[in-house]
Amino acid sequence: MNLTLHVWRQAGPDAPGRMVRYEAADISPDMSFLEMLDVVNERLMQTGDSPIAFDHDCREGICGSCSLMINGVAHGPNPGTATCQLHMRSFADGDEIHIEPWRARAFPVVRDLVVDRAALDRIIAAGGFVSAATGSAPDGNATLIPKDTVDTAMDAAQCIGCGACVAACPNGSASLFTAAKITHLGLLPQGQPERLQRARRMVERMDIEGFGGCTLYGECQEACPKMISIDTITRMNRDFLRASMTPVRAAVAESD
Amino acid sequence: MNRALALWHSSIGKHAVMAVTGVIMVLYLITHVVANLLIFQGPSGINAYSRFLHGTGGALWIARLVLLVAVVLHIMAAVQLTNRRRAARPVGYAAGRQPQVSTLASRTIRWGGALILVFLIYHILHFTLGTVHASFVEGDPYHNVATGFRNPLVVVFYEIAMAAVGLHLYHGIWSSGRTLGVSTPSPRPLRRQLALALGVLVWLGFAVIPLAVFAGMVPA
Amino acid sequence: MELRSRVPGGPIERKWDTHRFEMKLVNPANKRKHTVIVVGSGLAGGAAAASMSELGYQVKCFCFQDSPRRAHSIAAQGGINAAKNYRNDGDSIYRLFYDTVKGGDFRSREANVYRLAQISVEIIDQCVAQGVPFAREYGGLLANRSFGGAQVSRTFYARGQTGQQLLLGCYQALEKEVARGGVTMFPRTEMLDLIVIEGRARGIVARDLVTGRVSTHLADAVVLGTGGYGNVFYLSTNAKGSNATAIWRAHKRGAAFANPCYTQIHPTCIPVSGEYQSKLTLMSESLRNDGRVWVPLRGGDRRPPGEVPEAERDYYLERRYPSFGNLVPRDVASRAAKSVCDEGRGVGPGGLGVYLDFADAIRRVGAGTIRERYGNLFEMYQRITDENPYEVPMRIFPAVHYTMGGLWVDYNLMSTIPGLHVIGEANFSDHGANRLGASALMQGLADGYFIVPSTISDYLASAHPTPVDPSHPECRRVEAEVAERTRRLLAIRGKRTVDSFHRELGSIMWDKCGMARNAAGLNEALRRIPELREEFWRNLNVPGSDAELNQALEKAGRVADFLELGELICRDALHREESCGGHFREEYQTEDGEARRDDARFGYVAAWEYTGDLAAPRLGKEPLEFEYVHLAQRSYK
C-alpha cells in the first residue's frame, strides 16, 4: 500500500507546530498503525530527518500510552481498538491519513504527537482509590460480592487511561475517565465508605484541571478502546450530586 | 450556602441547574402547547383560558417569575459551560473532529438554544406585549393569533424556531435524566424514545398553528 | 564478592516469622527522616513505593512512562496464584512452594519460595480490599481457575486483564500516597546510573526525558523494580520501552547479575507476520485449558486446518505428556512446539506456528461459554491476524516473555551492593530456571507490598546512613559519566538506526541463545555480539539533541546496554553445561529429548560480577540446598 500522511510536527511544548506531509510507500496491510509509523521513522532517520515522536509502549492495547487522532477520530476508525491494535488493512491504498495529537488544554503537547496526560493522574490522586493500607485487609472472601456487581465494576475498571474520551469529546471533557473510576470503586462494597467523598473530590479536580463539562454527546463511549459506557457518567453525576447534598461531618471536612 | 455555591461552581452542578430549569420549562411548554391547541375550538376556548390565567391574580406572576428565573439560570449556566468548553480545547484539530455517534440534536444544542432565545424575545414582543404585532388587541389572544401569521416571513421564523425547540427538547430531556443521575442503566434505554416522543409532540403541537393560520384554517 | 544469602535458620515455615522478629526496626518517628528511591512503578515498584510511604518513609518514585499506571505489569493477562485452597482441592502453602521449586527446575532458593507461597495468601486479601474486581462465582465468592503446570485451581483472575487490575490497584494506592505527600512521583524520568558512596547505594542519576536534564537524586536506600530484560531479544512480549538499563548500570557499579541465561519462552504467542514486526503479542496461557495444540502428522501438509482429518493430526502435547497434556509448563510446551516446527510440521507463514484449536471445546461447552472465558483474547487475536478463532484454529508460536535471571539478591532482597534492593522481575529470586504461570504477579506484589517494606527497615536501622551532599565528588563523577555517554551516542552520526542494531542483536540472541542452545552457537554469538557492539559505537545514527524529548536517544542508551548484557547471557548459557527450565542445551538432553539437569555440577546460582572487562566477568556461586523438596527429574508424562 502507498499512503500519504499529514502529521502534526511540533519541536517542543512552546514551539509552533504544523501539519507536515509524508509519503509512506510500500506499507504492508498486516502492519499495525504504529509499525507503519516505525517504518516512516526509520526512513526519516536515514535521510537525516528527526523521527516523529509518539507515545507507545505495550502495543497490545492495554497500557494506554498510544494516543493518536487519526482523520479526526480518536484511535482511528475501528471501534473498541486502541491505535496500537489498529492494522493498516483498515485503510485503502492511496488513502490520505491525518495524524494529530489529542487536543485539550489539560493535555499540553510535549512534542509532535506526544501530550502530557498527568492531569488524569491528578484526578486519580484526588480520590480514585480505596484507602486500604498494606497489611490491613480482611480475608478476600470475607465480603461477598454478587457476580453481576463485580462484572459491572470490571466493565468500568477496564479503563486504560489513554485519554481518547477527552480527545473525542466536543467539550474536551474527562467525564468518562473520571466516571469509570467512580463507578468501578462505587459499585464495590470496599469502595462504599469513601464513595461520596471520592466523587466530590475527583469531579472537583477534573474541573480544576480545565476539562470541559459533559453534554452527553456519547462520542467518548464510541472512542473508548474498552467501550466503557456513558452509564458510568450517570452514576458519577448521581454520586456527585448526592455528595453535594450530604452534610459533611466536621471531622471529614477538616481532613480535606 | 457554601455547598450550593460549590455545586454551582462545578461543571456537573451547572449541568444539573440546566437540567432542573429545563424540566421546569418543559413542563411549562407542555401546558403551553395544550393550551395553544384550544385555538382550533374558536375564540371561546382560548380566550376563556386566557381570562382564567389572568384571573388567578398573583399566581400568574409567580409562574412568570419562576419561568424567568429558570430561563436566566439556564442561560447563565449554558454560557459559562460554553466558555469552559472553549477554554478546554484552545487548539482544535486541523483535520476536524469527526463526530461518530452524537445526534444532530446534541450537536445543535447551543446554537439551537441561542436561536430559541432570540425567538423567545420576539415571541413575547409579538403575543404578550404586542409591540411587533400589526393589530394587537390586549386580552384577545384568539384575534392576535389569527391575525399574527399573515406575514410568511413570520411563519417561516416560527417554524424554524419550533424545529429548534423540538431538537432542543429531545436532547435536553434525555440528557437531563442522566445529568441528574436518575436514569438507571438499561440495555434498552426507554428514555431516548420518551424524549424523542415528547420532542416530536411538542414540536408538532406548536408548529401546526402558524401553518394553520397562514392557510386560513383559523378565521379572524 | 561474597554471596551471603542470609537465609534465617529454623524450620522453613518459621523462617520468615523468625526473620521478621529478628530484623531491626526503624522507630515510627524516624521513618520520615529516611528517603528511599524506588525506580519503576509496576507491581513491584509501585507496591513498594506505596507501602513504604504508608509506613512513613519519604519515597521518590521514578518511571520512564508518562504515568506510573503504564508499567508493563499491566499487560499480564492470566492471573495470580495464591495458596488459599478455596477450592478444597488439596492446595496448601506447602504445595504452592513445592510446585514453584519443582516448576523452576530446582534452581531457586527454597526459603525465598516458601515465603512467597506464604505471602501469596495476603496478597489476594490486600488486592480485594483495594477494590480489585477479581472474578466471582454466583454466590459472591472469589473464583479460581487452574493455570499452566498446576493441578489445583489456585489462580485468581480478572477476565484476561489481571495484571491491569492489580496494577491499577497498586497505582491507586501510589496516587493516594502522592496526594498525601509521602511519595514524589517522577514520570518520564529514566534512571541512567547508580550512585555508590563508601560501598553503599546512595542514589541515582536520572534523565528527564522531556527536557533532557540530567540530575542526581540521593536517598538512604535505593530499590529497583525495573522489570526484566526480555527485550534483549528485540522481539518479545515485553513493552517496547521495557529495558535493562537500570539493572545493568547497577551491575556495572558492583551488583552481581544472577542466572542471566534463564529466559522464559512463552508457548502461546501470535506468530511473526513480517520483517516490520515490532513486538509479539501473548495469548494468555489460560487458553491451553480449553484449546488443543496440534500440527499435521506429515511435514509439508499445506491443507487448511479444517481439511486435515482427525487421524492425520498430531496432538503432540497430549501424545508426549499424557498426564499433563496441553497444560505442561511453559518451557516444555515451547520446546515441543519448536521441535515439531524443526521437523517441518509447523503451520502458517514460514512454518513457524502450531494450531491451538477450540473446536472440541466449542462442541463441548458451546461458543457462548468459550466467549465468556476468552472473548477478549479471541477478539485481540482476530484484530491482529484477521482470522476468526471461533471458526479456524489459532496459530501460535513461542516468544520471549519473561526473564527469571536478574540482579542477585539475598533473603532481604538486597543486592551485593548494600542499600540496593531489587524486587520483582528485576531480581533473580523465586522462579529458578522457569517461572510457572500466574506467579510473576504474585512475586512482584509479594516483594513490593510485603517483603521490601519490612526488610528495608533492617538495612536502614543497621546501616545508619548519614546525609550525602549532592556536591559529593562521586555524584559529580557519575553525573559527568552519564552526560559523556549521552554526548558520545549523539556524536557518532553514523549510518545505522538504533532499531537496526537492536534487530540484529535480537536475531543473534534468538538464533543462538533462544529456545535451544549449543556451545558452537553460543561461541558464535560471543564473537558476533562484541563485533556488533563495536559497530554500534562507530556507526550509530541518533538524530537530534540531548536537550529535548528524543526517543531515538532513549532507545540508543537502552540498546547499548542490551549489547553488553546479551554477551553476559550467552556467557552464562555457555558455562551452564546442563539443561534446566528455560535453559536448554542441546548437548544435554535425555534420549527422548527432555532436559537433563546436572545437579552435582550446576546446582548453584551463577552470580556474575563485572570486572571492568565485558569479556571476563567473574563467576560467583551460591550453592543451592534442597532440604524440603526432593530433587528429582521433572516429569509431566
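From first to last, the protein sequence lines are chains D, L and V. Take the first sequence: its letters are residues 10 to 265, numbered as in the numbering used here. Take the second sequence: its letters are residues 52 to 271, numbered as in the numbering used here. Take the third sequence: its letters are residues 271 to 907, numbered as in the numbering used here. Think of the CB as a built atom: it goes at the ideal place given N, C-alpha and C, for glycine as much as any other residue.
Task: Exposure of H853 (chain V), with buried meaning 16 or more beta-carbon neighbours within 10 Å - done: For H853 (chain V), the number of other beta carbons within 10 angstroms of its own is at least 16, and it is reported as buried.
Task: R846 (chain V) versus V:D463, V:D361, V:R377, V:A405, residue with shortest Cα-Cα distance - done: If you compare the alpha carbons of V:D463, V:D361, V:R377, V:A405 with that of R846 (chain V), the shortest gap goes to V:R377.
Task: Beta-carbon contacts of G814 (chain V) that lie in its chain and below 7 Å, excluding the five residues immediately before and after - done: Within the same chain, and ignoring the five residues on either side of G814 (chain V) in sequence, the residues whose Cβ sits closer than 7 Å to its Cβ are N820, A822, L823.
Open item on the list: Let me check one thing: in DSSP terms, what residues is A128 (chain D) bridge-paired to?
Closed with: Looking at the DSSP output, A128 (chain D) bridges to nothing.
Task: Residue from V:R472, V:T425, V:A317, V:A443 whose Cα sits closest to the Cα of D739 (chain V) - done: The shortest C-alpha separation from D739 (chain V) is found at V:R472.
Open item on the list: Since R302 (chain V) and A733 (chain V) should fall inside the 8 Å C-beta cutoff, what is the C-beta to C-beta distance between them, to a whole number of angstroms?
Closed with: No, R302 (chain V) and A733 (chain V) are not in contact; Cβ-Cβ is about 18 Å, not under 8 Å.
TODO: Could you please tell me which residues of the stretch 143-154 of chain D, in chain order, have their CB closer than 9 Å to any CB of chain V?
DONE: Listed by position, the residues of the stretch 143-154 of chain D near chain V (Cβ gap below 9 Å) are T143, G144, S145, A146, P147, D148, G149, N150, A151, T152, L153, I154.
- [ ] Determine which residues of the stretch 395-427 of chain V have a Cβ less than 9 Å from any Cβ of chain D, and write them out in chain order.
- [x] So the close ones are D395, Q396, C397, V398, A399, Q400, G401, V402, P403, F404, A405, R406, E407, Y408, G409, G410, L411, L412, A413, F426.
TODO: Could you spell out the range, first to last residue, of the alpha helix (DSSP H) harbouring P298 (chain V)?
DONE: Unbroken alpha helix (DSSP H) run through P298 (chain V): 298-301.
Open item on the list: Can you pull the chain V neighbours of H65 (chain D), defined as C-beta to C-beta under 7 Å?
Closed with: The contacting residues are K510.
Task: Interface partners of I242 (chain D) on chain L, CB under 7 Å - done: R229, listed in chain order.
Task: Under the three-state DSSP convention, the category W807 (chain V) falls into - done: If DSSP states are grouped into helix, strand and coil, W807 (chain V) belongs with the helices.
TODO: Return yes when the C-beta of R519 (chain V) is under 7 Å from any heavy atom of the ligand GDP, and no when it is not.
DONE: No copy of the ligand GDP occurs in the structure displayed, which carries no ligand at all.
Task: Residue range of the unbroken alpha helix (DSSP H) whose run includes C397 (chain V) - done: If you look at C397 (chain V), you'll find it in the alpha helix (DSSP H) that goes 380-400.
Task: Proximal chain V residues relative to I239 (chain D), where beta-carbon distance stays under 8 Å - done: For I239 (chain D), none of the residues of chain V pass the 8 Å Cβ criterion, the least Cβ distance being about 20 Å.
TODO: Evaluate R558 (chain V) with the Cβ neighbour count: other Cβ atoms within 10 Å of its Cβ, from every protein chain shown; 16 or more gives buried, anything less gives exposed.
DONE: Buried, since its Cβ has 16 or more Cβ neighbours within 10 Å.
Open item on the list: For the alpha helix (DSSP H) containing D627 (chain V), name the first residue and the last one.
Closed with: Segment 624-627 is the beta strand (DSSP E) holding D627 (chain V); no alpha helix (DSSP H) there.
- [ ] Count the other C-beta atoms from every protein chain shown that fall within 10 angstroms of the C-beta of K294 (chain V), then say buried if there are 16 or more, exposed otherwise.
- [x] The residue in question, K294 (chain V), is exposed, as its Cβ has fewer than 16 Cβ neighbours within 10 Å.
Open item on the list: Applying the 10 Å Cβ sphere with the 16-neighbour rule, what's the burial state of Q55 (chain D)?
Closed with: Q55 (chain D) comes out exposed.
Open item on the list: Tell me which residues of the stretch 331-344 of chain V have at least one Cβ-Cβ distance to chain D shorter than 7 Å, keeping chain order.
Closed with: The stretch 331-344 of chain V vs chain D, Cβ under 7 Å: Q335, D336, S337, R339, R340, H342, I344.
- [ ] With a 10 Å radius around its C-beta and 16 neighbouring C-beta atoms as the bar for buried, classify W112 (chain L) as buried or exposed.
- [x] So W112 (chain L) ends up on the exposed side.
Open item on the list: I need the DSSP call for Q859 (chain V), collapsed to helix, strand or coil.
Closed with: Secondary structure at Q859 (chain V): strand, using DSSP grouped into helix, strand and coil.
Open item on the list: For the pair the stretch 127-135 of chain D and the stretch 39-59 of chain D, tell me if three or more CB-CB distances fall below 8 Å.
Closed with: Because the criterion of three Cβ pairs below 8 Å is not met, the stretch 127-135 of chain D and the stretch 39-59 of chain D do not touch.
- [ ] Consider the Cβ of R242 (chain L): report whether some Cβ of chain D lies at a distance smaller than 8 Å.
- [x] Chain D contact via Cβ: absent.
Open item on the list: Can you find the residues in the same chain that come closer than 6 Å, C-beta to C-beta, to S247 (chain V), ignoring five residues on each side of it along the sequence?
Closed with: An answer regarding residue 247 (chain V) cannot be provided, because it is not within the stretch 271 to 907 covered by chain V.
- [ ] May I ask you to list the residues that DSSP assigns as paired with C850 (chain V)?
- [x] Beta bridge pairing from DSSP links C850 (chain V) with V:H853.
Task: Buried versus exposed, by CB contacts within 10 Å (16 or more), K372 (chain V) - done: Note on K372 (chain V): 16 or more other CB atoms within 10 angstroms of its CB, so buried under the neighbour-count rule.
- [ ] Determine contact between the stretch 305-323 of chain V and the stretch 489-500 of chain V, defined as no fewer than three beta-carbon pairs at a distance below 8 Å.
- [x] At 8 Å Cβ cutoff, the stretches touch.
Open item on the list: So if DSSP puts Q19 (chain D) in a beta bridge, which residue, or which two residues, is it bridged to?
Closed with: Note: Q19 (chain D) sits in a beta bridge opposite D:G26.
TODO: Would you kindly report the start and end of the unbroken beta strand (DSSP E) that includes D463 (chain V)?
DONE: Run containing D463 (chain V): 459-467, per the beta strand (DSSP E) assignment.
Open item on the list: For E210 (chain L), which residues in the same chain have their Cβ closer than 8 Å to its Cβ, ignoring the five residues on either side in sequence?
Closed with: So the list reads A258, P261, L262, once near-sequence residues are dropped.
- [ ] Name, please, each residue of chain D whose Cβ falls closer than 8 Å to the Cβ of I63 (chain L).
- [x] Chain D residues near I63 (chain L): V212, G222, C223, M245, N246, F249, L250.
TODO: Would you mind working out which of V:N793, V:T533, V:H521 sits nearest T686 (chain V), comparing C-alpha positions?
DONE: It is V:H521 whose Cα lies nearest to the Cα of T686 (chain V).
TODO: Quick one: residues in its chain with C-beta nearer than 8 Å to the C-beta of P117 (chain D), no 5 flanking neighbours on either side, listed in chain order?
DONE: Excluding residues within five positions, the ones whose Cβ falls inside 8 Å are P22, V124, D125.
Task: DSSP state of V899 (chain V) mapped onto helix, strand, coil - done: Reduced to three states, the DSSP call for V899 (chain V) is coil.
Task: T305 (chain V) in three-state terms, based on DSSP - done: Collapsing the DSSP output to three states places T305 (chain V) in a strand.
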